[in-house]
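Accompanying notes for the structure given below.
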Amino acid sequence: MYNIKTLNKIAKIGTDKFDAAKYNVTDNCDNAEAIMVRSASMHEMEFNKELLAIARAGAGVNNIPVEKCADMGICVFNTPGANANAVKELAIAGMLLASRDIVGGINWVQTDKADPDIAKTVEKEKSKFAGTEIKGKTLGVIGLGAIGALIANAAVKLGMKVIGYDPFLSVNGALNLDPAVRYAKTTAEIYANSDIISVHVPCNNDTKGMINADAIASMNDGVIILNFARDALINDDDMAQALSTGKVRKYVTDFPNAKTANMAGVIAIPHLGASTEESEDNCAVMAAEELIDYIENGNIKNSVNYPDAEMNAAGTKVCVMHKNIPAIISSLTSVFGDAGVNIDNMLNKSKKDYAYTMIDAADVSDDLVAKLAAIDGIIRVRVIK
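FYI, the numbering for the sequence shown is 43 to 427, going by the working numbering.
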């Protein structure tokens, strides 16, 4: 029986994926083999030696100590694309809210709703909230992954001109883009040619604060900036200055903080990007399926700290997590050879500093496993029969 610990409320359609004869899904367990999490911070948690994997029901893994997990042989999964449509719809809504002063108009109605002549007053005041249409405007999308691509395609259908930038765009990603989306070679090209800019990249050392004073200075006057990716991608102080001068017309963020929530010109949404019933269901199902396939078969899909790897085995499957260092594969195979055990099939994949090797063998003893685990650079050895 495997224990699956939930740190947040996970949609039942996902937890129901676990066979009750094999799994115990609970929010109260100290020795879980797997954890399902949404937004709970795990950075201060101590992980038990039984823990095999963590599945984040969502795309971002900032709440998980990914590197620490890799060093402990804990596979961290996310669910890319499962909430993409929900974020796309909210980003399109944000673009419309910023182009037309809908929020300002609604707020005015609320402050004046006691006026018995409000119907007449509306006709006098509505010009204060006039805006522009998005049709014919140019949208620049930075990051053409699961979410960015959907937004780019939707904007094309709304009659917009769209340019996109993504240095890591895959072949499949390119094929899924509307042919009308023009590919930019640099972010500078996006900045110089867009009326509206939507950012969809992970937050790391290269992207943190990427929308700053220098970047904004190269943008068109009156640009609208949308941030439905990560709070730290935007330099808040530089944004405040740009809004005060009108360089940036509106800033729409799904990540309000003490600064942005009090800035004039900001439309702050309370992190609703993936907050739909459909999105939560999709993420929960994908997370559960990833954990089940890893626990039962050793297969990895959508891990952020170990490489994707999948192999069918006729005999016993030995799954080895190890550092990505020279000669370690020969050390692994030598253990099998010295024990007189034939390797029927083997798969090795790497991801930066870490690697994963799957070996199909007919007879694997405890002594052989102990010798594998003793090799320098080996992090974890797991046997699946």
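Quick reminder that beta carbons are idealized off the backbone N, C-alpha and C, glycines included.
Count the other C-beta atoms from every protein chain shown that fall within 10 angstroms of the C-beta of residue i, then say buried if there are 16 or more, exposed otherwise.
i: I401; result: buried
i: V213; result: exposed
i: T228; result: exposed
i: F210; result: exposed
i: A22; result: The requested residue 22 does not occur in the structure, where the chain is confined to residues 43 to 427.
i: G182; result: buried
i: N45; result: buried
i: G100; result: buried
i: Y293; result: buried
i: N324; result: buried
i: E86; result: exposed
i: S169; result: exposed
i: Y225; result: exposed
i: I205; result: buried
i: T48; result: buried
i: S141; result: buried
i: I148; result: exposed
i: T121; result: buried
i: I160; result: exposed
i: N195; result: buried
i: I189; result: buried
i: N125; result: buried
i: D69; result: exposed
i: A230; result: exposed
Which residues in the same chain have their Cβ closer than 7 Å to the Cβ of residue i, if we skip the five residues on either side of it in sequence?
i: A191; result: G215, N218, L219
i: T249; result: V243, L275
i: K427; result: T358
i: E331; result: K59
i: A310; result: T295, P298, T302, A303
Return the first residue and the last residue of the beta strand (DSSP E) that residue i is part of.
i: C361; result: 358 to 365
i: N269; result: 265 to 269
i: L181; result: 180 to 184
i: A257; result: From DSSP, A257 is part of no beta strand (DSSP E) but of the alpha helix (DSSP H) over 255 to 259.
i: A79; result: For the sequence presented, residue 79 should be read as Val rather than Ala. Looking at the DSSP string, the run of the beta strand (DSSP E) that includes V79 is 76 to 79.
i: V346; result: Looking at the DSSP string, V346 is not in any beta strand (DSSP E), and its letter there is neither H nor E.
Spatial neighbours of residue i within its chain, please: CB distance less than 6 Å, with the 5 preceding and 5 following residues excluded, ordered by chain position.
i: D208; result: G185, L186
i: A128; result: A316, T318, S321
i: K391; result: P349, A351, Y398
i: D273; result: F297
i: M281; result: Y293
From residue i to residue j, what distance separates their C-alpha atoms?
i: T302; j: R291; result: 14 Å
i: Q283; j: E88; result: 42 Å
i: K466; j: K91; result: This structure does not reach residue 466, given that the chain is present from 43 up to 427, and the question cannot be answered.
i: N304; j: V243; result: 25 Å
i: G357; j: N344; result: 25 Å
i: K54; j: G123; result: 19 Å
i: L268; j: V241; result: 6 Å
i: G56; j: V327; result: 4 Å
i: A388; j: A415; result: The amino acid occupying residue 388 in the given sequence is Met; Ala does not appear at that position. Whole-angstrom Cα-Cα distance: 17 Å.
i: V265; j: S236; result: 7 Å
i: D432; j: G173; result: The structure shown has nothing for residue 432, since the chain only spans 43 to 427.
i: T287; j: M252; result: 20 Å
i: N384; j: F378; result: 7 Å
i: D61; j: K365; result: 33 Å
i: V346; j: D157; result: 56 Å
i: S83; j: M261; result: 36 Å
i: N246; j: T163; result: 49 Å
i: Y233; j: A197; result: 17 Å
i: S373; j: N105; result: 36 Å
i: T375; j: A412; result: 14 Å
i: G102; j: H313; result: 13 Å
i: N354; j: I342; result: 12 Å
i: L333; j: A257; result: 41 Å
i: P368; j: L94; result: 25 Å
i: F150; j: I134; result: The amino acid occupying residue 150 in the given sequence is Trp; Phe does not appear at that position. The alpha-carbon atoms of W150 and I134 are separated by roughly 23 Å.
i: K166; j: M137; result: 26 Å
i: K110; j: V118; result: 10 Å
Can you tell me where the alpha helix (DSSP H) holding residue i begins and where it ends?
i: Y293; result: Counting along the chain, Y293 falls outside any alpha helix (DSSP H), though it belongs to the beta strand (DSSP E) covering 290 to 295.
i: Y233; result: 229 to 235
i: I134; result: 126 to 141
i: S286; result: 278 to 287
i: S407; result: Segment: none, S407 is in no alpha helix (DSSP H) and carries neither H nor E.
i: E336; result: Rather than Glu, the amino acid found at residue 336 in this sequence is Tyr. Start and end: 319 to 339.
i: I55; result: 54 to 57
i: T153; result: 144 to 153
i: K162; result: 160 to 167
Closest Cβ-Cβ distance between residue i and chain C: below 8 Å?
i: L200; result: Although the question refers to chain C, the structure presented lacks it and comprises just one protein chain.
If you drop the 5 nearest sequence neighbours on each side, which residues of the same chain put their C-beta closer than 8 Å to that of residue i?
i: V79; result: T48, L49, N50, I96, A97, R98, A99, N105, I106
i: V425; result: T358, K359, V360, C361, V406, V411
Starting from the N-terminal side, write out each stretch of the beta strand (DSSP E) that is 3 residues or longer and does not extend beyond the stretch 369 to 396.
Within the stretch 369 to 396, the complete beta strand (DSSP E) segments at least 3 residues long are 385 to 393, listed from N- to C-terminus.
Beta strand (DSSP E) segments (min. 3 residues) lying fully within the stretch 94 to 119
For the stretch 94 to 119, whole beta strand (DSSP E) runs of length 3 or above, ordered along the chain, are 95 to 98, 117 to 119.
Quick one: which unbroken alpha helix (DSSP H) runs of 4-plus residues sit fully inside the stretch 197 to 225? Chain order, please.
Fully enclosed alpha helix (DSSP H) runs of 4 or longer: 213 to 217.
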